[in-house]
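**Student:**
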Amino acid sequence: MPAFFDYLRNITYYLLFAALVGLIAPTGKYKKFVSLVMGLVMLALLLQPIRDIVGNHIPVTQWFVGVMPQHSYGFTADDAYTTWRDTYLAAAFDSQLSTQLEGLLERNGITMHTASFEYTSDFSQITSITVQVSQRQQDSRRVPFIRIEPIQTQQQEAPEDPLITEVKNLVAGFYNLPGSHIYVEVLR
33 MPAFFDYLRN
43 ITYYLLFAAL
53 VGLIAPTGKY
63 KKFVSLVMGL
73 VMLALLLQPI
83 RDIVGNHIPV
93 TQWFVGVMPQ
103 HSYGFTADDA
113 YTTWRDTYLA
123 AAFDSQLSTQ
133 LEGLLERNGI
143 TMHTASFEYT
153 SDFSQITSIT
163 VQVSQRQQDS
173 RRVPFIRIEP
183 IQTQQQEAPE
193 DPLITEVKNL
203 VAGFYNLPGS
213 HIYVEVLR
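Numbering-wise (our numbering), the sequence shown opens with residue 33 and increments by one.
1. May I have the straight-line CA-CA distance separating F49 from Q80, to the nearest angstrom?
2. Name the two residues that bound the continuous alpha helix (DSSP H) containing F36.
3. Do F206 and L136 come within 7 Å of each other at the CB atom, strictly closer than that value?
4. Which residues does DSSP pair with Y215 in a beta bridge?
5. In chain order, what residues of the same chain lie with their CB nearer than 7 Å to the CB of V53, ignoring the 5 residues before and after it?
6. Could you tell me the alpha carbon to alpha carbon distance between I56 and L78, rounded to whole angstroms?
7. Just curious, the alpha helix (DSSP H) that F149 is in, first and last residue?
8. Provide the residue span of the alpha helix (DSSP H) that contains L202, from first to last.
9. Helix, strand or coil for Q20, going by three-state DSSP, please let me know.
10. When the Cα of L72 is compared with those of P58, K61, L47, which residue comes out closest?
11. Have a look at A204, M74, L209, S130 and flag the residue whose alpha-carbon is nearest the alpha-carbon of A51.
12. Going straight from the alpha carbon of T162 to that of N208, what length do you get?
13. What is the rounded straight-line gap between the Cα of P34 and the Cα of T146?
14. Taking buried to mean at least 16 other C-beta atoms within 10 Å of its own C-beta, is S104 buried or exposed?
15. Between I11 and the rest of its own chain, which residues show a CB-CB distance below 8 Å, the 5 nearest in sequence each way excluded?
16. Where does T115 sit, in a helix, a strand or coil, going by DSSP?
17. Using only alpha-carbon positions, find the residue among S148, R220, S166, P194 that is nearest to H213.
18. Residue range of the alpha helix (DSSP H) that F65 falls in?
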């Protein structure tokens with residue numbers, strides 16, 4: 033029971049300290065940082081009983097022991113942690129790239145529907161991008177630019193859709209990626 037009262041006392045002292053820091057902390061951009069740090073310390077204090085029960089010297093990779101069974105083919109807790117970490121990083125990287133690409137295309141009047149990325153295993157380089165786009169509807173108040181095409185006298189290969197060319201040029205310039213590694217599908 034004394035341990036429980038020590039736990040409550042520590043939380044009480046910390047809350048008083050946090051209130052004092054909140055009063056004297058600078059305002060503006062540092063206020064959020066101070067709040068974040070104070071919240072993380074509070075979280076550590078609240079989780080202290082769990083940490084004491086589990087033990088203080090357990091490496092992060094051992095958290096997955098029991099979650100992933102040991103198999104004869106050598107899949108260990110370290111492998112489980114690595115798989116989890118790489119999956120999390122890939123999802124975060126995909127999300128960041130999708131948001132970035134959507135903003136780039138939106139600024140240029142193009143609507144992005146889907147995008148998929150391929151990159152190296154260490155996330156240092158994008159190897160290819162596949163994107164589905166459509167032209168944003170024109171504003172009815174804008175006067176369209178009239179373009180007159182010359183008459184074609186010989187049968188020539190059909191030119192690439194100008195929207196595909198524009199998207200490839202935008203993405204290639206932004207991500208420093210060759211156009212041959214960018215795949216664009218226009219949705220109508």
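We treat Cβ as the ideally placed atom computed from N, Cα and C, and that holds for glycine. Fair warning: this is a prediction, and the values are worked out from it, not measured in the lab.
**Tutor:** On the basis of the coordinates in this document:
1. 18 Å
2. 34-56
3. yes
4. T162
5. V66, M70
6. 24 Å
7. F149 -> not in any alpha helix (DSSP H); beta strand (DSSP E) instead, spanning 142-151.
8. 194-207
9. Residue 20 falls outside the range modelled here, since the chain spans only 33 to 220, and no answer is possible.
10. L47
11. M74
12. 15 Å
13. 58 Å
14. Note that S104 scores a pLDDT of 49, beneath 50, so its modelled location is shaky and nothing firm can be said.
15. Nothing in the structure corresponds to residue 11, since the chain is present only between 33 and 220.
16. helix
17. S148
18. 61-78
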